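Chains as they are written, first to last, in UniProt numbering: chain A, 1 to 620; chain B, 1 to 620. Before any comments, here is the structure.
Okay, here's the thing in structure tokens:
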């Protein structure tokens, strides 16, 4: 048969298999798969360059299904490429199957998890950035987007970013099937509405009939030939195309077709055509550079230095030792101190302006290519990208996040700029690490160390200067802590992190003068927290006061309480945290007003020493 | 003097006072204030309609500083309007002063807190929506935006939403001063770059010199005369305009001018001109409708019903009883069941498509006008708008959030669709309430009850059906719980919420057969949690197992542990939560794999009964 017939047949095969997969699973999105079947059939047959035997091949193109719910199409494509069997396809969405409802990197050919809409394009922009600016390889990045997800602001951050960065290796394939989950999309089949918007952001666009294989083929060629900007292929498609019972019908989203048998026969029955995907032309396996010893900045004990400055100097040193280290920032590099890295390694520093979602997505995209990203902004503004951080964990991504300006200690700027929920949010990310150093040397050490952790690592830094407590040779492990005051006579243990460590030391000194011995622990590793040291302190002092520059929920105090959950007789504990909505004031005033300063700690220690058993617990 | 001279003088006065305020505070953003001074002088003098003696006047215009860091300009404007004194202005950013570093509603003329960039315009769109579709009053909404914040995707969600909704009462004033925090913005003074983008989204645009008072005046008139779409005034301005030491200079962001004396004299010295702001032409104090009794849906004990269905029916009933109830959804109303409300009260249902940030911002904007919003999407996707939820608390906003599809119990769709960090994120919002009912009747009651709470209230609903446990007349208070199994012989208490309550009941029944009496508590109010009931259970059973369909951090388990923080001898506790990254599987399989099903609870109860004192706590 002619190439045209072959491609049309292939599209039908992908539809049939998508219908069969969803039917076998009893759930899934066959109709959202059918609208894009021809787009993918043509891409894989004539344009995608990928070595399925070597997913790690550095020259491979990257295909990202931003509309992750079209997974039946992706898996049907994999079957046509000969990498999964029909039996595997029919175990779609079953317990133990790597063919999940939405794609994840449990499959070696999937770069990142999708399914939270509006993330695939920003992540794809990150991969494309790696191609043009770091790997300098000719691989292309193809991102299949749904029309509903174009309502997400993150997608427009991405059109803006990729347009200005002129990422010509990036092609967005917009599957305009007119129907969202619950009905028509905002713009329906008004392709011009999308064209006007996307072109305004500096992209090349092509409008096509997404079921005409020749138009599709020509569009991909046009995209490849457009070398000065990214291309968006705006394809008019029909949701459920090929099956009259569901084609262009509302109410057919996210469920198997009513009669699979009938649908399959209408589609011409099952087929077993194979796609020979072209191999990449260049590249090879990229050697990830080994980590040479990092020549960290050092600070003298007693000098005053900001943990954010230590981060900035340390990440710059890490960048000198390791050429895989890259830094991203959201137009606040002067505040986060990422500017130090930008000055030293401009070719590995990337400015995302105030677009935190695109910044985190790009970090995820860069680590897909083996780079080691540090992404920095104010701790408060990482909340802007929380869905991206959550999904990064599903992607098993190795990213390093840095949030500056922690807590009320920032002072006059007020609550909008204060990270007060960041520890709770980041602790609740699967397999995450949360670090909050109190001095410059520990901040420098942890900056280098966090890159060794697989998964999402978070460093929480402070705006203001704090006294350097540790010598430059002191080691800081993820999961560790430091006992700063200790004696056999300790009656209470005070556990702090960041600014509150210094408040705790001041309180301990004051109380020592009154004959009250207090142990002080710097719990710089909030997750994982140092359980053995805390258990020992509980055993020896019997009482614990936690103090944090954060809301009371989900932070250091809860991490400490969790350590003692399973032991019956536990230290009496008192949790100090930010007690009310702050306003503007000086840092010292802020900590006093919040009830987390030395005075509050002293009062808590005195109170816990006075405290009697509460009746409620008497029987326990 | 001529009107033109007067306006120019007024602009200079605002600059002088901005310089003085920041100088007195020793921090702040005078240069970002000076770029917009003429824009605000002309607005307040001839276009804003506002009764400063009656901020609650329903006919008042709304002026929102999306670039909240320009607060010195806003407060200088208030001074010129005669509502704050010079002495108050000079207490800017001081402890106790309501003139915070970024505006908050502690000032009666401020609608919402800003300072996290890219939020003022989406919130303004919500206020404008209230004007056109609910209040039906001719007030206008004026939003002053910086150029840096136009990089935020949320701003483009807003241009898209307001453009399509044709919110002609909304005017965005874009202060294009070319310089961001750390240097030039992406587009500098390329006004056309902004015009192309904004026009593509259906807005009317006007490009002006932002320091030419006649051009500014004409632009406001043009905006008012544009009745079929919103208008964006794209104003070329100079950051630090009027003070040569900082004008158009990098490195002058976010700090007082170097020499205030010199700056003030260059600006022509201090002035004390007054602005007579025109009064609103219509409206008056809007009477917030009283809450008539809500005729809630009822479900029979034993029948199977989904808590999301109960929410949908209950919010519909609330909308029938109270005409102030409005519902917002992010293109998943069929899943969240907000569709029930949409069918019954279409005039008070608002579709935001997949733009969660604009949806939450609109909810904040609607409550500014006294409406009672419920905003619904998947629990997982509320993370997309976490920064907006955080800021809603700073705004003291009364909003009701509903997150469906909680936890692994959703089944086959997989982790991208599972709300697993939502309780941690929402608990860490100041003054929030977190509710997670396990049956339809409690879900219905809490849906109605949450609107009575001031602040951010969150209802977590489930996809699947669960047996109805409670009679329709049972009451459910915020901060309450229900003891479902209890006897004098109870050896262990199991605390669950949502799906895990049913697993706990199954485990308790199984264990009862083995002669182990287990108390079961439905902790439907996760924040505030029912401390007295938990303390009593601890006293009487000595052991507690918590079980939640959520990550281990920051959810129900931590809320329960916190109750016992301050009592020395506490129940031995075991926390069951989702232990690993889920994939696709059936709901029962998911709970089993996660270690939160009846079997896991039985094992935990047997384990905790076997468990000896741990050495670590022996000394405590």
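Even for Gly, the Cβ is constructed at its ideal location relative to N, Cα and C. Please read these numbers as outputs of a predicted model, since none were measured by experiment.
Cβ of residue i within 8 Å of any chain A Cβ
i              : result
residue 521(B) : no
residue 415(B) : yes
residue 10(B)  : no
residue 116(B) : yes
residue 486(B) : no
residue 424(B) : yes
residue 383(B) : yes
8 Å Cβ cutoff, residue i in contact with chain B
i              : result
residue 156(A) : yes
residue 95(A)  : yes
residue 605(A) : no
residue 354(A) : yes
residue 273(A) : no
residue 577(A) : no
residue 102(A) : yes
residue 334(A) : yes
residue 565(A) : yes
residue 33(A)  : no
residue 386(A) : yes
residue 558(A) : yes
Residues that DSSP places opposite residue i in a beta bridge
i              : result
residue 525(A) : 435(A)
residue 349(A) : 327(A)
residue 93(A)  : Its beta-bridge partners do not exist; DSSP assigns none.
residue 234(A) : 174(A), 207(A)
residue 520(B) : 485(B), 494(B)
Beta-carbon neighbours of residue i, restricted to chain C and to distances below 7 Å
i              : result
residue 553(B) : Included in the structure are the protein chains A and B, with no chain C among them.
Element boundaries [alpha helix (DSSP H), containing residue i]
i              : result
residue 156(A) : 153-164
residue 356(A) : 356-368
residue 441(A) : 440-449
residue 198(A) : 191-200
residue 39(A)  : 37-46
residue 621(B) : An answer regarding residue 621(B) cannot be provided, because it is not within the stretch 1 to 620 covered by chain B.
residue 122(A) : 120-129
residue 260(B) : 260-266
Where the beta strand (DSSP E) containing residue i begins and where it ends
i              : result
residue 458(B) : 456-460
residue 403(A) : 399-404
residue 172(A) : 170-176
residue 62(A)  : 62-65
residue 146(B) : 141-146
residue 483(B) : 482-485
residue 374(B) : 372-378
residue 467(B) : 465-467
Jot down the residue ranges of each uninterrupted alpha helix (DSSP H) in the stretch 531-609 of chain B, minimum 4 residues, whole runs only, in chain order. 531-541, 556-563, 587-594, all fully within the stretch 531-609 of chain B.
Take every Cβ of the stretch 424-431 of chain B, pair it with every Cβ of the stretch 99-115 of chain A, and state whether three or more of those distances are shorter than 8 Å. Judged by pairs of C-beta atoms under 8 Å, the stretch 424-431 of chain B does not touch the stretch 99-115 of chain A, as fewer than three such pairs exist.
Does the stretch 64-77 of chain B touch the stretch 23-38 of chain B, meaning 3 or more C-beta pairs lie closer than 8 Å? Flag = yes, the stretch 23-38 of chain B and the stretch 64-77 of chain B touch.
Three Cβ pairs or more, each shorter than 8 Å: is that satisfied between the stretch 541-555 of chain A and the stretch 481-496 of chain A? yes
Validate contact between the stretch 295-312 of chain A and the stretch 355-373 of chain A using beta carbons, cut 8 Å, 3 pairs: no
In chain order, which beta strand (DSSP E) runs of at least 3 residues are fully inside the stretch 292-344 of chain B? 304-306, 325-329
Under 8 Å, with one C-beta from each stretch per pair, do the stretch 113-133 of chain B and the stretch 161-172 of chain B reach the 3-pair mark? yes
Between the stretch 570-584 of chain B and the stretch 459-472 of chain B, do three or more beta carbon pairs fall short of 8 Å? Contact between the stretch 570-584 of chain B and the stretch 459-472 of chain B is not established, with fewer than three Cβ pairs separated by less than 8 Å.
Between the stretch 144-164 of chain A and the stretch 393-403 of chain B, are three or more C-beta pairs nearer than 8 Å? The stretch 144-164 of chain A vs the stretch 393-403 of chain B: no contact.
Taking three-plus beta-carbon pairs below 8 Å as touching, is the stretch 35-49 of chain B in contact with the stretch 83-99 of chain B? no
For the 8 Å Cβ check, are there 3 or more pairs between the stretch 89-103 of chain B and the stretch 148-161 of chain B? Flag = no, the stretch 89-103 of chain B and the stretch 148-161 of chain B do not touch.
Segment contact flag, the stretch 52-64 of chain B with the stretch 550-570 of chain A, C-beta cutoff 8 Å, min 3 pairs: no
Check whether the stretch 290-299 of chain A and the stretch 435-442 of chain A are in contact - that is, three or more C-beta pairs closer than 8 Å. yes
Is it the case that the stretch 179-190 of chain A contacts the stretch 174-188 of chain B, given that we only count it when at least three CB pairs across the two stretches are under 8 Å? Segment contact: the stretch 174-188 of chain B against the stretch 179-190 of chain A, fewer than three CB-CB distances shorter than 8 Å; contact not assigned.
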